[in-house]
Structures are given as structure tokens and as C-alpha cells.
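Working notes for the structure below.
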Amino acid sequence: MRAILKLKWPILIGVIAMTVLLFLLAPNLTNQAEEAGSFQLSDDASSQMAAKMLADAGESDQTISVVIELEEKLSDDVREQLSAMSTEIEALGDVVTSVLNPVESEEIEKQLVSEDQQTVLIPITVQGSDEKVNEVADDIRTSIIPSDMKAYVTGEAIINNDVNESAQEGLKRTEIITVVLIFGLLLAVFRSVITPLVPLVAVGITYLLSQSFVAFFIEWFGFPVSNYTQIFLVAILFGIGTDYCILLLSRYKEELSAGHAVEDAIVNTYKTAGRTLLISGLAVFIGFFAIGFAEFPIFKSAVAVAVGIAVLMLVLFTIVPISMVLLKEKLFWPSKKSASHRDSALWMWMSKLSVNRPVLSMLVVAAITVPLLLTYDNSLSFNTVDEIGDDYESVQGLRAIEDGFGKGDSLPVQVIIQSDETLANEEMIPYVERLSQRYEQIEGVDKIRAVTRPTGEILEDLYVDRQLGLMADGLSEARDGLTEIGAGLDQIQSGLAGAGNSGGLDEVAAGLGQLNEQLGLTTQGLQQSGNVQQTVGALTAISQQLGQIQQGIASAGSGSEGLTQVTEGLAASNEGLSEIIKGLTEVSDMMTAMSESKAVRDTGLFIPEGTLENEDFAKVLERYTFAEGTGLKMEVILSDDPYSPDAIETVQRIKDATEAEVKGTPLEDTDIAFSGIASINSDLADISSSDFTSTVVIMLISLFVVLAILFRSMIMPLFMIGSLLLTYFTSIAIAELIFENILGFDGISWAVPFFGFVMLIALGVDYSIFLLDRFREEAESGLTVREAMRISMAKMGTVIITAAIILAGTFGAMLPSGVLSLMQIASIVVIGLLLYGLIVLPLLIPAMTVSFDRGVWWPFDMKKKK
Numbered sequence: 002m003r004a005i006l007k008l009k010w011p012i013l014i015g016v017i018a019m020t021v022l023l024f025l026l027a028p029n030l031t032n033q034a035e036e037a038g039s040f041q042l043s044d045d046a047s048s049q050m051a052a053k054m055l056a057d058a059g060e061s062d063q064t065i066s067v068v069i070e071l072e073e074k075l076s077d078d079v080r081e082q083l084s085a086m087s088t089e090i091e092a093l094g095d096v097v098t099s100v101l102n103p104v105e106s107e108e109i110e111k112q113l114v115s116e117d118q119q120t121v122l123i124p125i126t127v128q129g130s131d132e133k134v135n136e137v138a139d140d141i142r143t144s145i146i147p148s149d150m151k152a153y154v155t156g157e158a159i160i161n162n163d164v165n166e167s168a169q170e171g172l173k174r175t176e177i178i179t180v181v182l183i184f185g186l187l188l189a190v191f192r193s194v195i196t197p198l199v200p201l202v203a204v205g206i207t208y209l210l211s212q213s214f215v216a217f218f219i220e221w222f223g224f225p226v227s228n229y230t231q232i233f234l235v236a237i238l239f240g241i242g243t244d245y246c247i248l249l250l251s252r253y254k255e256e257l258s259a260g261h262a263v264e265d266a267i268v269n270t271y272k273t274a275g276r277t278l279l280i281s282g283l284a285v286f287i288g289f290f291a292i293g294f295a296e297f298p299i300f301k302s303a304v305a306v307a308v309g310i311a312v313l314m315l316v317l318f319t320i321v322p323i324s325m326v327l328l329k330e331k332l333f334w335p336s337k338k339s340a341s342h343r344d345s346a347l348w349m350w351m352s353k354l355s356v357n358r359p360v361l362s363m364l365v366v367a368a369i370t371v372p373l374l375l376t377y378d379n380s381l382s383f384n385t386v387d388e389i390g391d392d393y394e395s396v397q398g399l400r401a402i403e404d405g406f407g408k409g410d411s412l413p414v415q416v417i418i419q420s421d422e423t424l425a426n427e428e429m430i431p432y433v434e435r436l437s438q439r440y441e442q443i444e445g446v447d448k449i450r451a452v453t454r455p456t457g458e459i460l461e462d463l464y465v466d467r468q469l470g471l472m473a474d475g476l477s478e479a480r481d482g483l484t485e486i487g488a489g490l491d492q493i494q495s496g497l498a499g500a501g502n503s504g505g506l507d508e509v510a511a512g513l514g515q516l517n518e519q520l521g522l523t524t525q526g527l528q529q530s531g532n533v534q535q536t537v538g539a540l541t542a543i544s545q546q547l548g549q550i551q552q553g554i555a556s557a558g559s560g561s562e563g564l565t566q567v568t569e570g571l572a573a574s575n576e577g578l579s580e581i582i583k584g585l586t587e588v589s590d591m592m593t594a595m596s597e598s599k600a601v602r603d604t605g606l607f608i609p610e611g612t613l614e615n616e617d618f619a620k621v622l623e624r625y626t627f628a629e630g631t632g633l634k635m636e637v638i639l640s641d642d643p644y645s646p647d648a649i650e651t652v653q654r655i656k657d658a659t660e661a662e663v664k665g666t667p668l669e670d671t672d673i674a675f676s677g678i679a680s681i682n683s684d685l686a687d688i689s690s691s692d693f694t695s696t697v698v699i700m701l702i703s704l705f706v707v708l709a710i711l712f713r714s715m716i717m718p719l720f721m722i723g724s725l726l727l728t729y730f731t732s733i734a735i736a737e738l739i740f741e742n743i744l745g746f747d748g749i750s751w752a753v754p755f756f757g758f759v760m761l762i763a764l765g766v767d768y769s770i771f772l773l774d775r776f777r778e779e780a781e782s783g784l785t786v787r788e789a790m791r792i793s794m795a796k797m798g799t800v801i802i803t804a805a806i807i808l809a810g811t812f813g814a815m816l817p818s819g820v821l822s823l824m825q826i827a828s829i830v831v832i833g834l835l836l837y838g839l840i841v842l843p844l845l846i847p848a849m850t851v852s853f854d855r856g857v858w859w860p861f862d863m864k865k866k867k
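Using this note's numbering, the letters of the sequence shown correspond one by one to residues 2 to 867.
This is the structure we're talking about:
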């Protein structure tokens, strides 16, 4: 330390120069955070696999919607206006790949106009990045939507952009409030206008350096980053940096009060409080460094704080002692005494309970925390919309869709199926309908849109039972037609028989009678046996003989008007017979195809050959297929809010049903993935839960090992960590009561438990280190465990309470950010720090310590000062 003080000017100039230079050269961390967004899932997540399938097929277009709310029912004038708007949007450029005119046809209008005809959607497909999507949305708002029309532009990309912007605006508010708050608190604590400047300058330099290092690491090494990165850097560095400065300045003032010279006071401060600070800094560093073992990028993005802690240690051991030596006694001007150095009356009073009656003290802590713990049910929310509230246009548009069409219709779950071979054929598509039928049975599913049900309604004509009914009707009509032909031939026969033996017409009549008799038997056979193929053969033979009779009569009676009419009658009968043969042949072919189709046996569905080439089916195929028919898309509309926990459970049921349903079918060998906001949230739920568990285990083990080594005890780290776990779960239980039961949110935002845990454990451990390291110092001087704890509580109480209030204040500065997850994290940390500093730490830690007495150092021996 004396070497640092001796080289104070080169070090001071070097640190300031490095800070300015790196700040000017470093990439923009704000832009990097915006590009990364709120979360990034791994490539093996189902929603990301679905996105990759579509992207590889050139189908990564995004859909946004113009949502129009009408005061009255849809009129012809509004229809014209909507058509004009659709045309104008389509003309915005190549980035807009398609626009669906909501009034183009009756079928489309049923889908895009609500039942009350007062909410209308114009779906727009946009090609490009999220940035391009938002540019298109801005163009639509400013140049296409009429000023007198109540309309919103919304979509997943637009909502996410609003969340990012809200986070950045919240960061700016947090930074300003944090600086003002810290200065005010330090002013009140030290009663000096100079003292607060030292922590603010030190932490300010730390923040600027840390931000620059992190930005370079992101650019060079792909360091994880998210919207949380900067906010946590601000809150933690300003909070914990100020706490450490308070610890140093308090001990420095104590050394000056003991009569030591300035330089000696600084050296003594860093020998004692400096050691505590190193232990605390190392514990916090380990805590945040452990986050680097998480798999989820948004969780890993908090590892940037570890960089900040390392920089903070450097600054605290350079800038702060240099400030002390330069300012000397003016550091505390105009105050000659500091409230932060008085023994804590509150903690001295609490020590009478925790040190003298440890069991009762533990029971008091249990009485406060256990009832709260019993209310905790770990309700998580994945509702991105709650992050920003209803003040944003994108959210208002989403609400309008929910009111007009139902919550699930706004953001359906997409089922993406892809294979190396063609799926868009008559044999494979029935299995898609089989999946649709299975999905319909799932709780939480409203309806399905797919190639077999493009509007959500089943295409009945594709079902075998429906087709068999139609064939039965056709056979009935064929029998009726054959009966009519037979009656006609009977009349012709009678006419020929009445004509006498002229030209052998009686023989023709007899032959015609025989044919008519065969026709009757064939008709009767069709009715009795339903053998279409046999009937077709018999009718073909009758038709040929009828043709021969027709030709014979025509040649025998040319010029005779009566015979000409007979010939025309026979021709008409034969033509009718040919039509019936054609129809029956089609029926026969269809029945043969059905009998040979595995899909019919598996699904009860049959798509006749040529159906998919039908012009009416072209638009359906275009919408629900991709990659030249090797990919199929399905849309599952949920009955619940897509952002709700219920939707996540429904998605899991859909995934399970899909896995079970495709077994033993041609779809078993295809790649199937799920996209949509509910699917993304399902992936988030899975990965955040597993990552939370694994990271917490790594973090706690790391902390235990570090604390055990530094304190030369395996007992103290156990109850230090245990007390922090108790504080965390009590705090999150209180936060859950506030946000779920009182404010009415779905629950705690999904990322909050992880960040709340990491923040509270990593920061709260500082205060137990402050107390127990002072306890170690006093115990080494030969005092009993109880006496050493009493003195430690008296000396450190004010420092810890002050530090806890300041750190709670810096996190409290996140409350006006307007971002729900940040407000919840802040609430957990603020509640936890105050609960720990005012109840758990002064009542539980001393009680546990004195209960173990000298065994608290097990399995090592306590060192004593010589």
C-alpha cells in the first residue's frame, strides 16, 4: 500500500487516461444489448429448431398485423378503405412479401373480421430482421393508417422491440436516480459534502472501465450480453462499491481518531478492513463468475458483473487510498465526526437476545420467516407483455385482438414438420389431419388450422365416411339413371315391335329387349351386391351392343323419319349409359385406391388423386407448406392467453401428444418442432429451471469452499449460506404476495428467481463477512466467543445497516424503471437486504455462532494473535 501511495500521481493519471481512452474506443454496450434482446435460446430448443427449419427454407418471414377497432359494424365504405390500405402496404417494397386483404373474399373475411364486425386484422408478412420489421411498422403508422382511424400495429418483433426500448429507458432513469440517491445517503451518513464524492468517483470510474471491458469482450469473444447487463452493472457496482467505500472510510476514520498519521491510518485500514474487503470481493466475484457455467445466455450475461467486481477491487486499492492521502483530513469536511463510526445501539440491544439467549433468538427469526415461506408456491410468469404494460401501442393492439378474436388467436402455436421427401401429397397429408384430430382433444386447445382445415373448420369431403356416403348417393343416382335408360329402351322396343316385320326390325326389337333385360339384371345386381367393377364390365358390353343396334337401324332406315328418331333415342340412351359407366369407373378406381391406401386405414382420410392440383387448393398449399412441399405447417390456436402458464402446460401436452401420435406413421421419421410465443416460453421454462438448479449448486459450492478457506472453518460457511437461503426464500415469498396476490400479475417473471437469488446471495454474503471477519479479529485477541461477538456487533452494526440501506437504495432505484422483471428483482433484493441486515444477520448469525462456541472453527484451530 505504501508503494501505491508513493506512486499516487502516475497511478491516478494512468487510471484516468485508461478510463477515457477505453470509453472512447469501446463498442456501444447499449447497442450490443439491444441486438441481443431479452433472451436467446440455445439451438437445440424446439422453438429455435423450428425457426432454423423455416430460415433454411427461406421461410423466415415474420408476420405483423394492423389491428383496426371500429366504432360501428363494418360498412362498404370501410371495406373500400381497408382494400386501399392493403394495396398501399403491399407497395412499401420488396421487404413486404404479402398482405392479406381482410375483405378480399367471404372466406377471408370470416377469419380476419371479428363476429361483432368491429375488429379487423390486416396480416402482413415481412422479410428481414427485427429491425426491418419495426421500420415497416413505423412506415405503416406514419404514412398509411388514416389519422381518424383507431388502429395499432403489433406483432412479436414489435413487442420485443418495445421491451428492449423500455429496458434502455429504465436504465437511464436508474442511473440518474442511483447517483442522486447514493450522494444523498452518503451526505446523511458522513455529514460531509466531500466524502460522498470519493465513492461516486471511484464507482463511476469502475463502471466506465467495466462497461468498456465488457463491450470489448462481447465483440472479441462473444461474451454473453442482454438487456440486464448494464442495469446490473449500475445497480451492483454503485451499491456494493459504495458499501466497500463505507467500510474503508469508516475504518480510516477510526484509525485517524486513534491518533495515527494519514499514511499510517491508510495502511492500517487496508490491513484490517482491506482484508475484509478482499474476502467480500472474492466471494461476490466467485458468485457471479459461477454464472458463467450457466447454459442460458441471458443468465450468463450477469457474468459481466464479475468483470466489474475485478475492476472495482483494482480501483478500491488505488483510487480510494490515493483520494485519502490527497484530501487528508479535508476528506470529512466540514464534519469532524461521522455517524458511521458510532457503536450501533440497535445491534447492541439485539445482541442481548442473540448472544445471551440464542435459542429464543432463533425462534424469533423462525416466527417471522416460516409463515411467509408457507405462502410461497413458485408461481412464474412468462408474459412479456407485462414487462411494459398497456401504454405501448403493440400491447394495445394485442389486447384488441384478444377482445375481438380471443386470446389464443393472437399468437398461435406453430407445428413445423419437415422431411427430406415430399410431404405435400395425398398419402402424407391425412396424417396431418390425424394430428389435428389428436390436438382437438387436448385441454387448452381451441382449434387447429392446417392444410386439411385451412379456416379451422374440417374439410368434411376428405373423410372416407363422407366420401362413401357420396359414392352411395352416386350409385343410387346411377341405378336411377339405369332404370330411366331401361324405360326408354323399353319404349323404343315397343315402337319397333309395332312397326311390323319391316326390314327385320322385329329382330332388332327382340335384341333390344334382350339388352334391356341384361340392363335390368345389371341394375338389380348393382343394387344387391354393390359390385361396381362387375357392373362397369356388364354395362360396357351392353353399351357396345347398343351401339351396334343403333348403327344397324341407322343403315336400315336411312331417310325414314321414324327410324331416325329411334336412332337418336338409342344414341341418347347410349350416351347416358356412357356417362354412368364413366362415373362408376371413377367410383371403382377410387374404391380401389382406398383399399390400397395405408393412410385410409390409419386415419380414415382419403385425398383423391388430383385434389392437390386443384386451383382452389393452391392457396391452401402455399400457406401451409414450404420447402417445395417437403415441409408442412400447422397452427394450433389455444383457448388460453399465449403468454400464460396455462399455455405453457398446453404446449407440453401438444408435444407429448405429437410424440405419441406419430409413432408407427410415416411422420415418425420427420423432424417436428414447435414455434410461437407459447412454445418459446415452454423452452424458457425448461432451460431456466434446469439452469437455475445447476448454477445455484455451482455457486453455493464455490462460495462454501472460498469461505471455508478464508475463515478456516466449515461451520461458519454453512450457517452463513443457510441464513442467506432463508432470507432469499422469505423475500421472494413476500415479492410473490405483492405482485401476484395484491397487484394481480400471473406470478414472478421467469428470470427473476435466478437473478434475485444470485444478487441476494452474492451481495448478502458481504454483510455476514463484515460481521464474522470482525468477530475473527476480536476472537484472535483472546476474547471469549460471546464477548467477541458482542463487540463485533457493536462496531459493525452501523456499517452494515448503512451499507444495506445504501445497497437497497441502489436497487430501489430500479423500481421506477417501468420494467416489471427489474422491479421484481429490485423488490426481492431490497426486501432481502433489509430483512437480512435488520433481522436475520443480527439475530440468527450470532445465535448460531455462540451456540457452537469454540466449535465454530471446526475442524481447524483458531489462530491467536501473539
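By construction, the Cβ of each residue, glycine as well, lies at the ideal position given by its N, Cα and C atoms.
- Contact between LEU839 and GLU662 is absent: CB atoms are separated by about 57 Å, not below the 8 Å threshold.
- Taking a cut-off of 8 Å for Cβ pairs, the stretch 780-792 and the stretch 730-744 do not touch, as fewer than three such pairs fall below it.
- DSSP places THR453 in no alpha helix (DSSP H); its state is neither H nor E.
- By DSSP's assignment, GLU388 forms no beta bridge with any residue.
- Of the candidates VAL204, PHE758 and TYR768, the residue whose Cα lies closest to the Cα of GLY798 is TYR768.
- Residue state for LEU738 is assigned as helix, using DSSP reduced to three classes.
- Secondary structure of ASP95 (DSSP, three-state): coil.
- Secondary structure of TYR377 (DSSP, three-state): coil.
- Secondary structure at GLU636: strand, using DSSP grouped into helix, strand and coil.
- Contact between the stretch 297-317 and the stretch 218-234 is present: three or more C-beta pairs spanning the two stretches fall below 8 Å.
- The stretch 654-673 makes no contact with the stretch 395-409; the number of CB pairs closer than 8 Å stays below 3.
- Here DSSP, grouped into helix, strand and coil, assigns TYR245 to helix.
- Judged by DSSP in its simplified three-state form, PHE318 adopts coil rather than helix or strand.
- As computed with DSSP, GLN419 is found in a beta bridge with GLY632 and ASP672.
- ALA795 is positioned such that its CB atom lies closer than 8 Å to that of TRP348.
- Per DSSP, the beta-bridge partners of ALA152 are ILE69.
- Approximately 27 Å separates the beta-carbon atoms of ALA168 and VAL414; this is outside 8 Å, ruling out the contact.
- Straight through space, the alpha carbons of SER281 and PHE771 are spaced by roughly 8 Å.
- ALA295 sits close to ASP692, with the two beta carbons spaced by under 8 Å.
- Annotated as proximal: VAL215 and LEU30, with beta-carbon spacing under 8 Å.
- Checking the DSSP bridge columns, you'll see PHE627 partnered with GLY632.
- Non-local beta-carbon contacts of SER689 in its own chain, meaning distances under 8 Å to residues more than five positions away in sequence, involve PHE297, PHE300, TRP751, ALA752 and PHE755 in chain order.
- Per DSSP, PRO124 is not a residue of any alpha helix (DSSP H); the beta strand (DSSP E) it occupies stretches across 120-127.
- As computed with DSSP, SER750 is found in a beta bridge with SER382.
- The beta carbon of THR626 sits closer than 8 Å to the beta carbons of LEU424, ALA425, VAL452, GLY632, LEU633 and LYS634 from its chain, once the five residues preceding and following it are set aside; these are given in chain order.
- Sixteen is the threshold: since fewer than 16 other Cβ atoms of the shown chains lie within 10 Å of the Cβ of VAL698, the residue is exposed.
- The three-state reading of DSSP puts VAL800 in helix, counting H, G and I together.
- Per DSSP, GLY838 is not a residue of any alpha helix (DSSP H), being assigned neither H nor E.
- The stretch 666-681 makes contact with the stretch 41-59; the number of CB pairs closer than 8 Å reaches 3 or more.
- Beta-bridge partners of VAL621 (DSSP): none assigned.
- For the set LEU83, LEU6 and ILE673, the Cα lying nearest the Cα of VAL268 is the one of LEU6.
- In this structure the stretch 808-824 lies against the stretch 375-392, because at least three pairs of beta carbons, one per stretch, are closer than 8 Å.
- Inclusion of PRO322 and TYR271 in the CB contact set at 8 Å is warranted, their separation being smaller than that value.
- For ASN615, no alpha helix (DSSP H) segment is defined, and its DSSP state is neither H nor E.
- In this structure, the straight-line span from the alpha carbon of LEU210 to that of LYS9 is close to 19 Å.
- By the CB criterion at 8 Å, SER87 and ASN102 fall inside the cutoff.
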